[in-house]
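Input: a single structure, listed below in C-alpha cells.
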Amino acid sequence: MSKLINWFSEGRSSGKYTLPFVILLLAVTVLASAANLLLPQDSALYVSTYSITLLGKYLCYAMLALAVDIIWGYCGILSLGHGAFFALGGYAMGMYLMRQIGDRGVYGHPILPDFMVFLDWQELPWFWHGMDQFWFAMIMAVLVPGLLAFVFGWLAFRSRVTGVYLSIMTQALTYALLLAFFRNEMGFGGNNGLTDFKEILGFDLQADSTRVSLFIITAVLLAVVLMLSQRILSSRLGKVTLAVRDAEARTRFIGYRTERYKVWLFVYSAVIAGVAGALYVPQVGIINPGEFSPINSIEVVIWVAVGGRGTLIGAIIGALLVNYAKTRFTAIMPDGWLFALGALFVLVTLFLPKGLIGLYGQLKSKRQPASSQEVTS
Amino acid sequence: MSAFDNSIQGLRETFRRDQVWPFLAPEQAAKVDVSNQMILYVEGLNLSFDGFKALNNLNLYVNDGELRCLIGANGAGKTTLMDVITGKSKPDAGSVYFGQTHNLLTKDEADIAQLGIGRKFQKPTVFEEQTVFDNLELSLKTDKRVLPTLFANLSPSEIDRIDEVLTIIGLKQQRFMKAGALSHGQKQWLEIGMLLVSDPRLLLIDEPVAGMTAQETERTAELLTSLAGERTVIVVEHDMEFVRSIARTVTVLHQGSVLAEGTMDQIQSNKDVIEVYLGEEAAEA
C-alpha cells in the first residue's frame, strides 16, 4: 500500500514527456547528421553543413534556456544575467581555441594570440596559462561561471534580496562584465573578442565531420542535462524548490535554509549556462563581449516564457522556435525583429501565461473534459 | 629535541584515536531541557518599529504541555511576539529561551524550526502548486540540508506518519489534490497538519479558526485540546467563544506587554481587562 502511494506521488511529477522528448531529440540529431554526411549534396534530403551548425547553435540556446528555466520557472528567481555565465563558458572555450591556433595566426607568433601581438604584449597574462590544455579549459568553463554564481548568489540570497531587485542586480552583473570585457587591458581581445579559430583537439573546425560531431555532442549533452535536471527537480529537493518559489517564508519556518537551496540551484544553473556557452563558441566561431549584453539575457527569458516556464521541455521548445523565427525573420526584415520579439512577449504574457506547453495542456483538457475531471478529482 | 617532542605530542593530541574532531562529530539531537516544567521563557522583551513600541517589556512563561491562549486587541503585539519567538524579528532587548538551554535569539528561522517550534500563520500559507501529500512530505521531521534532501526517499514509517496526519486533519480523500484547490478551512487544516507531521514540541498557532464554519471550529478546538499535554500549544485568537472552549490559561496582551493572566473567568472579572479589552464588548451588550 505504502509503496503504491510512494510510486503514485512520484508518477505525478511532470517528467513523463522527458523520455519521449529525449528520444525525439536524439533521433532528429542522428537523422540530420546522417543526411549531411552520407547523402550527396544534390540529394533532396541533404542537410547542409550550414543548417547543421545552425541547429547546433539552437541547441546551445536551448540549453541556456533550460538553465534559466530551472532558476526562474522552478525557483522563482528571475535572472536577467544568465548571458554572463553563458559568455564566461564561451570565453573559456574561446581561450582554448585561441591557444590552438599556435603560430598559424596572422602575426605567426608561436605563443601569443594575434591581438596580444597587436597590443605589443611581451608575454602571456597569467590567466591564459594552462588554457592550451583542453581539459583545463573545460574545467574553467564550468568552474568560473559556477564560482561567480556562488559568490553572487551567496551574497544576494543571504541578504534576502529577492524579486525585481535581484533581477536588476543580475542585469548590472552582466552589464559590468560587458564593460570589463570591452577593455583591451583585460586581455580577452577587447571588443573584437576571440575569433579566427582553426581546430579543436586537432580536428579542423571547418570540416563537415567536426561540425556534425559538435552538433551531436551538443544534442547528447542537452539530453543529459535535461534528464539530470528532471531527476533533480522531481526529488524532494525539487519540491523544496517549488516551495521556495511559492512561499519562501513558510519554507523557512518548516526548517529549510532556503538561501542555501537557492545558491546551489543558482550555481547548477550557471554551470549549465557555462557548458552551453562552451559548446556554442566552436560552432559559431567567435566570442565577443556582445554576448554579455543585457539584451541577450532578456531574450533568453522571453524564450522560456514563450515555451512555458516551469516545464523544462517548454524552455527548450521555446528557445528552438523563437530562434528559428529569428533566423527567418531577420532574413526577411532585419529591422523588425526586435519589434516582433517585443510583441511576442506581450502576447504570450497576456494570452499564454503558461506558454506553448500550457496551451497544449489547455487544448488537451478541452478535447477530453471527462477524463481530465477524473484525473483531478 | 624537546621542541620536536612537543610538536609530536601536539600532533598525537590532535589525531587522538579515541576522539573525533568536533566538526566531524555528528550533531547531537537538540534536547530541550524542561526539567523545571517550563518550556518557554520570554523576559523583558522590547521591540519598536519607528518609535512604535510593538513589544514593551514583555514577560511570558509557558509550562511544558500547556495550552495557552493569547488574546488582545489589534496591535497588542501578539503576532510580533510570535515573530520574535520564531526568529523572524530580532528584539531590541530581552531574552527568549526555549527550555533552559536554547537561546532563540541567536538562531535563525530554520534552526528554530528544527528545534521543534512550529508556526501556523494568520493567513493560511501552504504550497499551493503541490499536492497535499507533498506539502506534508516537505514538513516531515527530516534532515533538511541540501544534499540529504536531494537524495531523500520516503521511508515506510514516514509514509505511515503522513497517512496518520491525513486522517487526523480529515484530508485523506484529497491527498493528491493540489493544495491550492482546497477550501479555506481545509487549507487551515492542512497547515495544522504540516505542523503535526513535523512532530514539534511547541506549536504557535495564529488565528486557527478564522474563516471556518462552526462545525470546523468545533473540530479544530477538539484537535488543539487533544494536542496539549504531550505538546505545548500557544494559540492566538480573536474568537472569544473559541478561546473559552479550549483555554485553561489565557494571557491578555495590551500595548506590547502582558496585562493579565489566568483562567477565562478570572480574566473576565479582571478590572483592567474589562476596561481596555472586554469593556467595549460589555458596553455593547
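Protein chains in written order, with UniProt numbering: chain L, 1 to 377; chain X, 1 to 285.
Where a beta carbon is used, it is the ideal one built from N, C-alpha and C, also for glycine.
Looking at L:Met-333, L:Thr-311, L:Leu-242 and L:Ile-332, the one whose alpha-carbon comes closest to that of Leu-359 of chain L is L:Thr-311.
Around the beta carbon of Pro-40 of chain L, fewer than 16 other beta carbons lie within 10 angstroms, which makes this residue exposed. Its chain contains Thr-241, Val-244, Arg-245, Lys-262 and Leu-265 as the residues whose beta carbon lies nearer than 7 Å to that of Cys-75 of chain L, once the 5 sequence neighbours on both sides are disregarded; these appear in chain order. Under a criterion of Cβ atoms nearer than 9 Å, no residue of chain L is adjacent to Glu-164 of chain X; the nearest Cβ is some 12 Å distant.
Going by DSSP, Leu-67 of chain X is part of the beta strand (DSSP E) stretching over 67-71. Within chain X, the C-beta atoms nearer than 8 Å to that of Ala-243 of chain L come from Phe-127, Gln-130 and Leu-138, in chain order. Within chain X, Val-146, Leu-147, Thr-149, Leu-150, Phe-151 and Ala-152 have C-beta atoms less than 9 Å from the C-beta of Leu-237 of chain L, given in sequence order.
By the C-beta density criterion, Tyr-107 of chain L is exposed, having fewer than 16 other C-beta atoms within 10 angstroms. In the same chain as Ala-180 of chain L, and ignoring 5 residues on each side of it, the C-beta atoms closer than 7 Å to its own belong to Met-186, in chain order. Beta bridge pairing from DSSP links Glu-261 of chain X with X:Thr-251.
With a threshold of 8 Å between beta carbons, Phe-253 of chain L makes contact with chain X.
In this structure, the beta-carbon distance from Gly-274 of chain L to Leu-88 of chain L falls below 8 Å. For Arg-68 of chain X, no CB of chain L lies under 8 Å from its own CB, so it is not counted at the interface with that chain. In this structure, Thr-149 of chain X and Leu-237 of chain L form a Cβ contact; the two beta carbons are roughly 5 Å apart against a cut-off of 8 Å. Close CB contacts of Gly-44 of chain X within its chain, under the 8 Å cut and outside five residues either way in sequence, are with Asn-57, Leu-58, Asn-59, Ala-93, Gly-94 and Ser-95 (chain order). In this structure, Gly-99 of chain X sits away from Val-146 of chain X, with a CB-CB distance that is not shorter than 8 Å. Residues of the stretch 100-113 of chain X whose Cβ lies closer than 9 Å to any Cβ of chain L, in chain order: Asp-108, Glu-109, Ala-110, Asp-111, Ile-112 and Ala-113. Under DSSP, Asp-239 of chain X forms no beta bridge with any residue. Among the CB atoms of chain X, none fall inside 8 Å of the CB of Ile-52 of chain L. Under a criterion of Cβ atoms nearer than 9 Å, the residues of chain X adjacent to Tyr-261 of chain L are, in order, Val-146 and Thr-149.
For Val-240 of chain L, the nearest beta carbon of chain X is closer than 8 Å to its own beta carbon. The Cβ atoms of Val-348 of chain L and Val-306 of chain L sit closer than 8 Å to each other. For Thr-86 of chain X, the three-state secondary structure derived from DSSP is coil. Non-local C-beta neighbours of Gly-153 of chain L in its own chain, meaning closer than 6 Å and more than five positions away in sequence, comprise Val-263 and Phe-266, ordered along the chain. Annotated as proximal: Leu-259 of chain X and Asp-272 of chain X, with beta-carbon spacing under 8 Å. Taking 8 Å as the CB threshold, Arg-104 of chain L stays off the interface with chain X.
Distance check between Val-346 of chain L and each of L:Ile-357, L:Lys-57 and L:Trp-303 places L:Trp-303 closest, using alpha-carbon atoms only. In this structure, Thr-86 of chain X sits near Phe-253 of chain L, with a CB-CB distance shorter than 8 Å.
Counting C-beta pairs with one atom in each stretch, the stretch 157-176 of chain L and the stretch 290-302 of chain L have three or more that are closer than 8 Å, which means they touch. Relative to Ser-139 of chain X, the option among X:Thr-167, X:Gly-211, X:Lys-123 and X:Ala-110 whose CA is nearest is X:Ala-110. Beta-bridge partners of Val-96 of chain X (DSSP): X:Val-42. Counting along the chain, Phe-197 of chain L sits inside no alpha helix (DSSP H), nor does DSSP assign it H or E at all.
Sixteen is the threshold: when 16 or more other Cβ atoms of the shown chains lie within 10 Å of the Cβ of Asn-288 of chain L, as they do, the residue is buried. The bridge partners DSSP lists for Arg-231 of chain X are X:Ala-228. In this structure, the straight-line span from the alpha carbon of Met-333 of chain L to that of Gly-81 of chain L is close to 28 Å. Measuring C-alpha to C-alpha distances from Ile-71 of chain X to each of X:Val-165, X:Lys-187 and X:Ile-205 identifies X:Ile-205 as the nearest.
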